[in-house]
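Asker: Residue numbers for the first sequence follow my numbering, beginning at 114 and rising by one. Quick reminder that beta carbons are idealized off the backbone N, C-alpha and C, glycines included. Structure in structure tokens, see below.
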Amino acid sequence: MSTRDKAILDIVKALKKAIGKGYTVHPDIFEVPPNSKYGDIAFPCFDYAKGLGRNPAEIASELAAHIGPTDYIETITAAGPYVNFTFSLPTLTEQVIKEILKLGVTYGCGTSGEGKSILVDYAQPNTHKEFHIGHVRNAVLGQSIINILRANGFHVVGASYIGDIGAHVAKVIWAMEKFHHGESVPKDQRTKWLGEVYTQATAYVDAHEEAKEEIALIQRKLEGKEEPYYSQWKETREWSLTAFREAFKELHVHPDVWYFESDVEGEGKEIVKKMLIDGLAKKSQGAVVMDLAEENLGIFLLLKSDGGALYSTKEIALILRKQKDHHPDRQLMVVDVRQSLYFQQVFATLHRMGFTQPLTHIAYDMVTLPEGAMSSRSGNVVTFEALRDDLVNSFQEETKKRHPEWTEKKVEETARALAIASMIFMMQRQDSQTIITFDREEALSFDGFTGPYLLYTVARIASLRKNTKIKPKGKAGLLTHEKEYALIRHLARFPDEVQKAGITFQISTIALWAFELAKLFAEYYHEVHVIDEEQKERTAARLMLCDAVRIALENALRLLCIEPIEEM
RNA sequence: GCGCCCGUAGCUCAGUUGGAUAGAGCAUCAGCUUGCGGAGCUGAGGGUCGUGCGUUCAAGUCGCGCCGGGCGCACCA
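Right, dumping it as structure tokens:
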């Protein structure tokens with residue numbers, strides 16, 4: 114149990130004693146006052162007063178008068194309809210610092226998910242198309258949800274699902290034959306080239322209706338593993354997969370298992386055929402559909418009239434396969450919000466098939482450009498590689514300026530870490546359910562609410578440790594500065610933040626918490642001189658606090674898929 | 001047409017599930033370094049929370065209408 118939880122437990126006990134049996138105090142009712150001058154924990158009396166038919170402000174002052182201090186709580190005051198509790202700062206300081214230094218990388222972790230297993234489906238790029246910054250958002254959001262769930266004790270399987278087959282792939286293979294026969298493509302240009310071929314093919318098809326027939330033919334031939342198309346597909350598919358693996362690694366995204374559309378397609382078709390025989394699905398205009406009128410979800414297409422598989426065909430098989438392979442208690446699908454209706458239809462279909470495990474679509478919104486949505490079709494995309502290189506260049510220049518004595522290699526490594534941190538933080542700092550409008554200028558900035566600002570905090574603390582021989586060991590009770598207490602209070606909230614994020618999947622709250630911590634530290638660092646060789650004990654205590662800040666901040670960053678660095 | 005989402009400072013966003021004086025970052029302006037990293041710190045200006053009703057002790061938050069924007073609704077994924 115975290116220090117803060119222990120304090121809250123104290124308050125609940127005290128309130129119970131003061132109130133008696135007429136009203137039950139739930140630990141969830143407590144609020145954080147808008148300003149710390151009120152205190153650390155607030156008990157709003159509205160609900161309790163309503164039950165008694167009395168004025169909440171009167172109740173608050175009565176309660177405050179009847180509750181005495183505890184180990185964790187120093188003062189109890191009534192302010193209007195609130196009873197405000199202020200932590201005993203010496204106790205809180207000792208406990209929190211001790212807890213963080215002892216737990217290290219597990220500080221913030223909880224047990225609410227113990228014994229429960231979840232499968233998270235995320236990172237679903239399509240081969241033969243560009244991996245763009247929208248895919249980055251999906252991958253890091255999904256990985257963060259996995260990290261958060263693990264931090265709460267859940268057993269989690271992270272599953273990447275790759276779209277390596279279907280109409281878009283056939284289109285590319287077709288265009289390669291038609292426009293690029295025998296062309297050799299430099300290794301480092303492969304994915305870019307595939308993206309261009311896709312865009313070119315799309316433009317051609319839009320102007321030449323008859324090409325659709327040819328592409329459909331290629332798709333059937335691919336499904337029948339006909340040469341030379343099958344070999345071409347295998348080779349170009351590998352080009353994309355290599356790029357995905359590399360991108361995931363750079364983004365600190367690590368799926369535990371990989372599923373491929375090409376693996377579940379046959380199974381999907383079989384399942385749909387059986388559904389038709391069982392009378393679950395029916396034929397309509399030559400295609401196989403589910404009539405979901407009863408669920409108010411319209412008609413759901415399961416198989417094309419030419420017998421070809423659709424995304425839905427494969428999805429049904431995929432969900433069953435994941436269930437069979439890993440037996441999770443629950444499956445999450447991290448997929449963009451435009452698929453909301455689609456997933457409702459998929460879930461309703463599975464429900465009718467007798468599937469009972471909970472399925473949840475975690476909908477997040479898109480990354481768009483100032484001029485509108487990105488589109489692989491029109492080639493109007495910002496790719497992961499393009500943005501990364503842009504960022505690396507900019508950080509390389511900056512880093513060189515700051516550290517002229519550093520080697521080329523060190524500059525490059527640092528710039529890469531900063532670039533990735535910037536990109537990821539840009540995706541994670543905003544609520545996942547809102548649109549991110551990508552702004553290049555803003556993406557390249559490193560002031561304020563950005564990844565580099567957070568890494569800077571870590572780097573400063575790391576540097577502090579190098580400047581003294583004094584060890585961070587001693588009496589945390591020597592910390593009495595107002596800014597120190599502000600940091601302690603904020604640090605104490607972390608376990609609660611992790612637990613909440615594990616329920617709501619609002620990853621951005623962790624990013625906000627981390628930024629607040631970094632800001633509080635910057636204020637502290639500016640005002641208080643940490644190292645004082647004349648006052649070894651106080652310096653040791655301050656170094657303990659700095660270490661605690663670093664540990665908690667790094668834990669938060671890792672939840673967000675950001676790797677801290679020592680120097681920048 | 002039906003459905004979902006969004007509208008908060010010049011810009012980009014928070015706002016603890018209906019609570020205390022609506023907050024950050026960027027930008028603008030004014031300051032801070034013979035102090036452990038200035039990718040930093042301090043301060044200032046900037047708001048009829050799109051709009052009108054309603055619900056109640058209390059609304060940026062809930063409901064309804066309107067205005068503006070985005071997305072989705074049968075062979076793409």
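From this set, 291, 354, 301, 344, which residue's C-alpha is nearest residue 324's C-alpha?
Answerer: Among 291, 354, 301, 344, the Cα nearest to that of residue 324 is on 291.
Asker: Helix, strand or coil for residue 260, going by three-state DSSP, please let me know.
Answerer: Helix at residue 260.
Asker: Quick check: what's the CA-CA separation for residue 666 versus residue 614?
Answerer: Taking the straight line joining both Cα atoms gives about 16 Å.
Asker: For residue 581 versus residue 652, is the C-beta distance shorter than 8 Å?
Answerer: Result yes, Cβ atoms of residue 581 and residue 652 sit closer than 8 Å.
Asker: With DSSP run on the structure shown, which of helix, strand or coil describes residue 444?
Answerer: If DSSP states are grouped into helix, strand and coil, residue 444 belongs with the strands.
Asker: Nearest by alpha-carbon distance to residue 556: which of 575, 445, 535 is it?
Answerer: The shortest Cα separation from residue 556 among 575, 445, 535 belongs to 535.
Asker: Go ahead and label residue 489 buried or exposed: buried means 16 or more other beta carbons lie within 10 angstroms of its beta carbon, across all protein chains shown.
Answerer: Result: buried.
Asker: Count the other CB atoms within 10 Å of the CB of residue 560; is the residue buried (16 or more) or exposed (fewer)?
Answerer: Exposed is the call here.
Asker: Going by the CB atoms, is the gap between residue 244 and residue 120 shorter than 8 Å?
Answerer: In this structure, residue 244 does not lie closer than 8 Å to residue 120 by Cβ.
Asker: Give the straight-line distance between the Cα atoms of residue 235 and residue 471, rounded to the nearest whole angstrom.
Answerer: The straight-line gap from Cα to Cα measures roughly 17 Å.
Asker: Tell me which same chain residues have a C-beta within less than 7 Å of the C-beta of residue 289, skipping the five on either side of it?
Answerer: 310, 345, listed in sequence order.
Asker: Going by beta carbon distance, what residues of the same chain come within less than 7 Å of residue 331, once the five residues before and after it are set aside?
Answerer: Here the set comprises 283, 286, 287, 342.
Asker: Among 122, 176, 129, 198, which residue has its Cα nearest to the Cα of residue 155?
Answerer: The residue with the shortest Cα to Cα distance from residue 155 is 198.
Asker: Can you name, in chain order, every residue of its own chain whose Cβ lies under 8 Å from the Cβ of residue 405, other than the five neighbours on each side?
Answerer: Same-chain partners within the cutoff: 411, 412, 413, 458, 461, 462.
Asker: Could you check how far apart the C-beta atoms of residue 699 and residue 633 are, in whole angstroms? I think they sit under 8 Å.
Answerer: The structure shown does not extend to residue 699, since the chain is modelled only from 114 through 681, so no value can be given for it.
Asker: Pick helix, strand or coil for residue 469, following the three-state DSSP scheme.
Answerer: In the structure shown, residue 469 sits in coil (DSSP, three-state: anything other than H, G, I, E or B).
Asker: Would you kindly report the start and end of the unbroken alpha helix (DSSP H) that includes residue 652?
Answerer: 649-672 is the extent of the alpha helix (DSSP H) around residue 652.
Asker: Which partner residues does residue 403 have in the DSSP bridge list?
Answerer: Paired residues: 413.
Asker: Using 8 Å as the Cβ pair cut-off and three pairs as the minimum, do the stretch 623-630 and the stretch 560-571 touch?
Answerer: Touching, yes, given that three or more Cβ pairs across the two stretches are closer than 8 Å.
Asker: Assuming residue 383 contacts residue 527 (C-beta within less than 8 Å), just tell me the rounded distance between them.
Answerer: That pair is no contact at about 52 Å.
Asker: What are the boundary residues of the beta strand (DSSP E) that residue 234 is part of?
Answerer: Taken as a continuous stretch (DSSP letters only), the beta strand (DSSP E) holding residue 234 covers 230-235.
Asker: Scan the stretch 293-376 and note each continuous beta strand (DSSP E) run of 3 residues or more that stays entirely inside, going in chain order.
Answerer: For the stretch 293-376, whole beta strand (DSSP E) runs of length 3 or above, ordered along the chain, are 370-373.
Asker: Find the nearest neighbour of residue 537 within the set 550, 512, 563, 168, judged by alpha-carbon distance.
Answerer: Of the candidates 550, 512, 563, 168, the one whose C-alpha sits nearest the C-alpha of residue 537 is 563.
Asker: Anyone know if the C-beta pair for residue 192 and residue 151 falls short of 8 Å?
Answerer: Yes; because the gap between Cβ atoms is below 8 Å, this pair is in contact.
Asker: List, from N- to C-terminal side, the alpha helix (DSSP H) runs of 4 residues or more that fit wholly inside the stretch 552-625.
Answerer: Listed in chain order, they are 553-557, 564-579, 595-605, 607-617.
Asker: On a Cα-Cα basis, can you pick out the residue from 335, 363, 508 that is closest to residue 682?
Answerer: Not covered by the structure: residue 682. The range shown for the chain is 114 to 681.
Asker: Any idea if residue 114 is buried or exposed, counting beta-carbon neighbours within 10 angstroms, 16 or more meaning buried?
Answerer: Per the 10 Å Cβ criterion, exposed.
Asker: Counting along the chain, where does the beta strand (DSSP E) carrying residue 192 start and finish?
Answerer: Run containing residue 192: 186-192, per the beta strand (DSSP E) assignment.
Asker: In three-state terms, what does DSSP make of residue 439?
Answerer: Residue 439 falls in the helix class under three-state DSSP.
Asker: Drop a sphere of 10 angstroms on the beta-carbon of residue 435, count the other beta-carbons inside from all chains shown, and report buried for 16 or more, exposed for fewer.
Answerer: Classification for residue 435: buried.
Asker: Use the C-beta contact count for residue 167: other C-beta atoms within 10 angstroms, 16 or more gives buried, fewer gives exposed.
Answerer: Exposed is the call here.
Asker: Consult DSSP for residue 132 and reduce its assignment to one of helix, strand or coil.
Answerer: Residue 132 falls in the helix class under three-state DSSP.
Asker: Below 7 Å CB to CB, which residues in the same chain sit around residue 398 once its five sequence neighbours on both sides are set aside?
Answerer: Counting only Cβ-Cβ distances below 7 Å, and skipping sequence neighbours, we find 418.
Asker: For a quick check, are the C-beta atoms of residue 441 and residue 672 less than 8 Å apart?
Answerer: Their beta carbons are not under 8 Å apart, which means residue 441 does not touch residue 672 by this criterion.
Asker: Could you spell out the range, first to last residue, of the alpha helix (DSSP H) harbouring residue 204?
Answerer: Per DSSP, residue 204 belongs to the alpha helix (DSSP H) from 202-216.
Asker: Please classify residue 269: does DSSP put it in a helix, a strand, or coil?
Answerer: In this structure, residue 269 counts as strand in the three-state DSSP scheme.
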